[in-house]
Amino acid sequence: MPPHADALYARQLEAINEVARIATLDLELGPMTQRITDALASRFEWEFVALILVDAGVFVCQAVTSATPTDIHVGYSRPVGSGVVGTVAATEQPILLDDVQAFPGYVETMPGTASEICVPVRHGGKLVAVLNLESTHRAAFHDQLPLLTIVADQLAGAIANARLFGETRERARLMEMMSDVSRTALEAKDLGELLDRIVRYVAKHFPVERVSITLRDISAQAGEATSSAPAEISFPIRFRGEDFGELEIVSREAFSAATSLAFEALTNQLAGAIHLAATKHDLERANEHLARAIETLHRISTTDPLTGVANRRNFDDALSLEWRRAARSATPLSLIMIDIDAFKAYNDVYGHQAGDDCLRRVAESLQSHLHRAGDIVTRYGGEEFAVLVTGVDRDRAADLAELLRRTIESMRIEHRASPASDVVTISVGIATMIPDRDGHPAALLKAADEALYAAKAGGRNRVAVHRKSDH
Numbered sequence: 014m015p016p017h018a019d020a021l022y023a024r025q026l027e028a029i030n031e032v033a034r035i036a037t038l039d040l041e042l043g044p045m046t047q048r049i050t051d052a053l054a055s056r057f058e059w060e061f062v063a064l065i066l067v068d069a070g071v072f073v074c075q076a077v078t079s080a081t082p083t084d085i086h087v088g089y090s091r092p093v094g095s096g097v098v099g100t101v102a103a104t105e106q107p108i109l110l111d112d113v114q115a116f117p118g119y120v121e122t123m124p125g126t127a128s129e130i131c132v133p134v135r136h137g138g139k140l141v142a143v144l145n146l147e148s149t150h151r152a153a154f155h156d157q158l159p160l161l162t163i164v165a166d167q168l169a170g171a172i173a174n175a176r177l178f179g180e181t182r183e184r185a186r187l188m189e190m191m192s193d194v195s196r197t198a199l200e201a202k203d204l205g206e207l208l209d210r211i212v213r214y215v216a217k218h219f220p221v222e223r224v225s226i227t228l229r230d231i232s233a234q235a236g237e238a239t240s241s242a243p244a245e246i247s248f249p250i251r252f253r254g255e256d257f258g259e260l261e262i263v264s265r266e267a268f269s270a271a272t273s274l275a276f277e278a279l280t281n282q283l284a285g286a287i288h289l290a291a292t293k294h295d296l297e298r299a300n301e302h303l304a305r306a307i308e309t310l311h312r313i314s315t316t317d318p319l320t321g322v323a324n325r326r327n328f329d330d331a332l333s334l335e336w337r338r339a340a341r342s343a344t345p346l347s348l349i350m351i352d353i354d355a356f357k358a359y360n361d362v363y364g365h366q367a368g369d370d371c372l373r374r375v376a377e378s379l380q381s382h383l384h385r386a387g388d389i390v391t392r393y394g395g396e397e398f399a400v401l402v403t404g405v406d407r408d409r410a411a412d413l414a415e416l417l418r419r420t421i422e423s424m425r426i427e428h429r430a431s432p433a434s435d436v437v438t439i440s441v442g443i444a445t446m447i448p449d450r451d452g453h454p455a456a457l458l459k460a461a462d463e464a465l466y467a468a469k470a471g472g473r474n475r476v477a478v479h480r481k482s483d484h
């Protein structure tokens, strides 16, 4: 075997071992698959690696690692049968393109793509995902099909294990939920309080976008509400053949069978409670309670209402979670703190309405540069933003920070009152740590704050890196 073939074989074997290690390290699907695409891209210096799940005639990007700008991001979807990925999902056969221009109907998602390989991921005889790689060099994957076929088999098992882990955990949580709901029904003083508690409980314990309970006069009869959207479902609230209303749940994620059964049981409990108090007056009062409950849910949402990015509560939860994950996997966690330079002066000169618009534009720009699962942009407070970046070292985090700084400056938002420039600019502080189990995420926050202070003290419109925060 030629020396270069020996070296390639060794690298491929190392990649297979690394994928196996990651698959056993973290059983949560999103973080696990993101680490696998990161590892493949890093080990072979591949420019674009993505894992796409396939379900119900649609494929959805689960994890992506890209060294160049691309339209693909976590959550990106397209019908099966479209482009290279869609064709592989439809035919369940791998496609290797030394030159993508030779593929009829090629859909470009990464500018300058010259070659591509796409491999089906099957488990139990069923297609569950596809692994897609792209490069700006021709024939970049000419001899990689055997390796990626093995990696696809590893991914199939890892995805199945992650889903089984999630279903087991979900069943335990649902059993606990039913016990809590039963107790809530017994403790509620009236129907309005019961419904208010149920709405709050579901919103707190499930990743839902909206929870609503619509009540009707019990003399009215209506059919079951249905929806074709996979993440929207309605359950009729019915007791002894009478329809009292419906429970509607809207979520970013499709509902599992276990979750649907739990919500059906919940509506049965609701029907019994409503039957006991179902007079027209009681129903009107209950709807008033529901309106107030929904307003409260909007107020306690995890999204900042002005900018649309995550709020401080969401950030605190994400930082704690990612700190623990990084400690388990001994991988770096980076925090980028951002402050809009002289923002108070901007408000004084241009007015608070212009200031709000500036905050929205900055937040939108920051968000547009994050594509990886686990990364999050937060409005940390006032004109300050925080960007949490998982699985990248200090140098890559610094590159991202500089990209964000240049992007904001290039927006050319006029700022005559700034001492740093005649346009809106940002000061950026970066800290990177490999957490340990005995540490606390407050250390990462402190280091990033110190770096931000250094950037502002150094003249603003610059990036400062906390050099003592790697370990």
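Counting from 1 along the sequence shown, just add 13 to a position and that's the residue number in my numbering. A virtual CB, placed ideally from N, CA and C, is assigned to each residue, including glycine. Note that the coordinates shown come from a computational prediction; the quantities given were computed from them, not determined experimentally.
Alpha-carbon to alpha-carbon, residue j and residue i
| i | j | result |
| --- | --- | --- |
| Phe-72 | Ala-169 | 16 Å |
| Thr-239 | Ser-247 | For Thr-239, the predicted model reports a pLDDT of 36, less than 50, meaning its position is unreliable and no value from the coordinates is stated. |
| Ala-460 | Glu-397 | 16 Å |
| Val-405 | Asp-111 | 30 Å |
| Gln-106 | Ala-175 | 24 Å |
| Met-446 | Arg-429 | 37 Å |
| Asp-435 | Tyr-359 | 11 Å |
| Ala-242 | Glu-261 | Unreliable positioning characterises Ala-242 in this predicted model, as indicated by a pLDDT of 42, which lies under 50. The coordinate reading is nonetheless provided below. Their backbone Cα atoms lie some 12 Å apart in a straight line. |
| Gly-138 | Gly-118 | 28 Å |
| Leu-458 | Arg-450 | 17 Å |
| Leu-66 | Lys-202 | 46 Å |
| Arg-305 | Leu-279 | 21 Å |
| Ile-172 | Ala-331 | 23 Å |
| His-311 | Lys-217 | Model confidence at His-311 stands at a pLDDT of 49, short of 50, so the residue's coordinates are unreliable; what they give is reported in the following sentence. Roughly 12 Å between the two C-alpha positions. |
| Ala-339 | Leu-413 | 19 Å |
| Val-362 | Asp-317 | 25 Å |
| Val-375 | Val-263 | 29 Å |
| Pro-124 | Ser-55 | 20 Å |
| Phe-328 | Ala-153 | 39 Å |
| Glu-277 | Glu-259 | 11 Å |
Rounded Cβ spacing between residue i and residue j (contact assumed at less than 8 Å)
| i | j | result |
| --- | --- | --- |
| Val-322 | Gln-380 | 6 Å |
| Arg-385 | Gln-47 | 6 Å |
| Val-32 | Gln-157 | Not quite, the Cβ-Cβ distance comes to about 14 Å (not below 8 Å), so this is no contact. |
| Ile-3 | Arg-418 | As displayed, the chain neither begins before 14 nor continues past 484, which places residue 3 out of reach and without an answer. |
| Arg-392 | Ser-347 | Not quite, the Cβ-Cβ distance comes to about 19 Å (not below 8 Å), so this is no contact. |
| Ala-467 | Ala-444 | At roughly 11 Å, the Cβ-Cβ gap does not stay under 8 Å, so Ala-467 and Ala-444 are not in contact. |
| Leu-319 | Asp-369 | 6 Å |
Counted within 10 angstroms of its Cβ, other Cβ atoms place residue i as buried (16 or more) or exposed
| i | result |
| --- | --- |
| Thr-81 | exposed |
| Gln-114 | exposed |
| Glu-335 | buried |
| Ser-148 | buried |
| Thr-403 | buried |
| Asn-474 | buried |
| Gln-69 | What sits at residue 69 in the sequence shown is Ala, not Gln. Answer is exposed; the Cβ neighbour count stays below 16. |
| Ala-233 | With a pLDDT of only 35 at Ala-233, under the threshold of 50, the placement of this residue in the model should not be trusted, and no figure is reported. |
| Thr-50 | buried |
| Thr-181 | exposed |
| Thr-344 | buried |
| Asn-324 | buried |
| Gly-364 | exposed |
| His-479 | buried |
| Lys-293 | Note that Lys-293 has pLDDT 47, beneath the 50 cutoff, so the model's placement of it is unreliable and the number below is only indicative. Exposed. |
Sheet register partners of residue i (DSSP bridge)
| i | result |
| --- | --- |
| Thr-83 | Note: Thr-83 sits in no beta bridge, so no partner. |
| Ile-349 | Val-400, Ile-443 |
| Phe-219 | For Phe-219, which the question treats as bridged, DSSP gives no partner whatsoever. |
| Ala-76 | Leu-64 |
| Ala-142 | Leu-66, Val-134 |
| Leu-110 | Glu-129 |
| Met-248 | A quick correction: the sequence has Phe, not Met, at residue 248. Leu-260. |
| Ala-392 | For the record, residue 392 in the displayed sequence is Arg; it is not Ala. Paired residues: Phe-398. |
Other residues of its chain near residue i: CB distance less than 7 Å, five sequence neighbours each side excluded
| i | result |
| --- | --- |
| Ala-23 | none |
| Arg-151 | Asp-111, Asp-112, Ala-127, Ser-128 |
| Ala-492 | Only positions 14 to 484 of the chain appear in the structure, and residue 492 is not among them; the question remains open. |
| Leu-161 | Ile-130, Val-132, Leu-144 |
| Leu-274 | none |
| Arg-326 | Thr-315 |
Cβ-based neighbour list, residue i, same chain, cut-off 6 Å, excluding 5 preceding and 5 following
| i | result |
| --- | --- |
| Ala-235 | Any reading at Ala-235 must be qualified, since the residue scores a pLDDT of 28, below 50, and its modelled position is unreliable; the value itself is stated next. Only Asp-256 meet the Cβ criterion. |
8 Å CB neighbourhood of residue i in its chain, flanking five on each side removed
| i | result |
| --- | --- |
| Glu-206 | His-302 |
| Leu-140 | Val-67, Ala-102, Glu-105, Pro-133, Val-134 |
Chain D within 7 Å of residue i, Cβ atoms only
| i | result |
| --- | --- |
| Thr-320 | Going by chain labels, chain D is absent from the structure shown, which holds only one protein chain. |
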